[in-house]
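Heads up, the thing below is written out as structure tokens.
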Amino acid sequence: MIDVVSSDWLSENIDSVRVVDVRDAWEFDGIGHIPGAVSVPFDSFRSADGDLGMLPGRDVWTDLLSDAGISPGDDIVAYDDTHGVFAARFLVTALLYGHDSSKLHLLDGDYSSWNREFETTSSASEIPDATYEVTDATTSPLIEFEAVEAALDDGETVIVDTRDPEEYAAGHLPGAVNLDWRELVSDETRGLKARDELESILSTKGIEPESRVLLYCNTARRISHTFVVLSHLGFEDVAFYEGSLIEWEARDGELVEE
């Protein structure tokens, strides 16, 4: 599944991976970027009018990756400058459009953490010719309303709300536990907390590696970040719902307040 790699790992492997910067184009050009990185801004692959959830649509995704010089068999490392939450969305989008999960990597930390130890550049990156082809994923973690309803009643699934505590308190799915994605990252390193600390945080909320986990939120990037963290930690049965809670209530779904 999707993993998390260190700046040291990326430095050692930078010539054999495609590095994707999902910050705004002006940041990529004006502030600088990791050498060899290509710019695929977050807003270019986020859409409420594409496919299921917030996916941009197969044609849009095909054009974006082809223009970025990415081929279906490439190893991809994505980064942003916001602890990885936007970059995680790029990787989950790639997963949902059939990219091999073992070739998808999130940079631990972000541009600022890389910049502390390694060089950056403002020079244009050389982009190879590529034709990306979307394939159908063997299995998809993205589920719809009916599957969420069933999970609420099965007594086995851990329902996880990845919003902040105030949003959770105002209304959440019955039985859901709150896991703000920011609990998993370090302000000091800008990357993930240590593995044992992550496992402890999750365990206190009843989220164990053998659990069947269902994530939801009101922003796809927060779900995506938590999904990537769980994937990196070895969780094998993780699904997520990208419908908004407004949609949930409109379809007579129940919410409870804290």
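Basically this note's numbering = 1-based index in the sequence shown + 4.
Each residue gets a CB set at the ideal place from its N, CA and C atoms; glycine is no exception.
Note that the coordinates shown come from a computational prediction; the quantities given were computed from them, not determined experimentally.
Contact between L110 and V232 is confirmed by a C-beta separation of about 5 Å, below the 8 Å threshold. By the Cβ test, the segment 144-158 is not in contact with the segment 70-88, since fewer than three Cβ pairs between them sit closer than 8 Å. Between E160 and the set R216, A224, F122, the nearest pair of CA atoms involves R216.
Boundaries of the alpha helix (DSSP H) harbouring R226: 224-236, taken from the DSSP string. By the beta-carbon neighbour count (other beta carbons within 10 angstroms, threshold 16), I163 is buried. Residue pairing for T161: DSSP places it in a beta bridge opposite R216.
With respect to the 7 Å criterion, F49 and T97 are classified as neighbours on the basis of their beta carbons. In this structure, DSSP gives F239 a state outside helix and strand, which the three-state scheme calls coil. In the DSSP annotation of this structure, the continuous segment of the beta strand (DSSP E) that includes A82 starts and ends at 80-83. W185 places its beta carbon less than 7 Å from that of T230. As the crow flies, the alpha-carbon of D19 is around 11 Å from that of D79.
The three-state reading of DSSP puts D104 in coil, since its state is none of H, G, I, E or B. D165 places its beta carbon less than 7 Å from that of A180.
Per DSSP, D63 is one residue of the alpha helix (DSSP H) stretching across 62-71.
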